[in-house]
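*Asks:*
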Amino acid sequence: MGVYDSTLTSKGQTTIPAEIREALNLKPGDKIRYVVSGDRVYLRVKNVRLADLAGALGKPPNGASLSIDEIDDAIMDAVAEDDARIVREWHDGSK
Numbered sequence: 001m002g003v004y005d006s007t008l009t010s011k012g013q014t015t016i017p018a019e020i021r022e023a024l025n026l027k028p029g030d031k032i033r034y035v036v037s038g039d040r041v042y043l044r045v046k047n048v049r050l051a052d053l054a055g056a057l058g059k060p061p062n063g064a065s066l067s068i069d070e071i072d073d074a075i076m077d078a079v080a081e082d083d084a085r086i087v088r089e090w091h092d093g094s095k
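So that you can map any letter, position 45 of the sequence shown is 45 in my numbering, and since no number is skipped, the others follow by simple counting.
1. Kindly list the residues whose CB is nearer than 6 angstroms to the CB of LEU43, restricted to its own chain and excluding five residues on each side of it in sequence; keep chain order.
2. For a quick check, are the C-beta atoms of TYR34 and ILE20 less than 8 angstroms apart?
3. So ILE20 is in the alpha helix (DSSP H); what residue range does that whole segment cover?
4. Do VAL45 and LEU66 have their beta-carbon atoms positioned less than 8 angstroms apart in this structure?
5. Alpha carbon to alpha carbon, what distance is there between TRP90 and ALA84?
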């Protein structure tokens with residue numbers, strides 16, 4: 001595990017060190033999520049392409065269409081599960 005330092009500007013901005021950008025395959029425009037847990041902050045890269053999400057919600061039974069509310073609920077459930085998994089992994093020290 002490497003430790004890297006960065007400086008915060010007066011506008012609240014910082015530069016992610018090149019080693020971290022390379023290790024996480026970060027590109028301009030990628031989204032980064034900050035997860036705050038007590039006195040710790042974890043970064044989560046959100047650089048998934050739309051094509052990578054194909055089929056994430058599964059197929060509705062019998063080819064039925066989902067309503068907007070059902071799609072919203074499925075997305076919110078998936079995000080909540082993902083966030084819980086991330087926090088659990090960080091607390092367990094597995095990531």
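We put the beta carbon where it would ideally sit given N, CA and C, even for glycine.
*Replies:* Once the coordinates are examined:
1. Result list for LEU43: ILE32, in chain order.
2. Contact flag unset, no.
3. 18-23 is the extent of the alpha helix (DSSP H) around ILE20.
4. In this structure, VAL45 does not lie closer than 8 angstroms to LEU66 by Cβ.
5. The alpha-carbon atoms of ALA84 and TRP90 are separated by roughly 10 angstroms.
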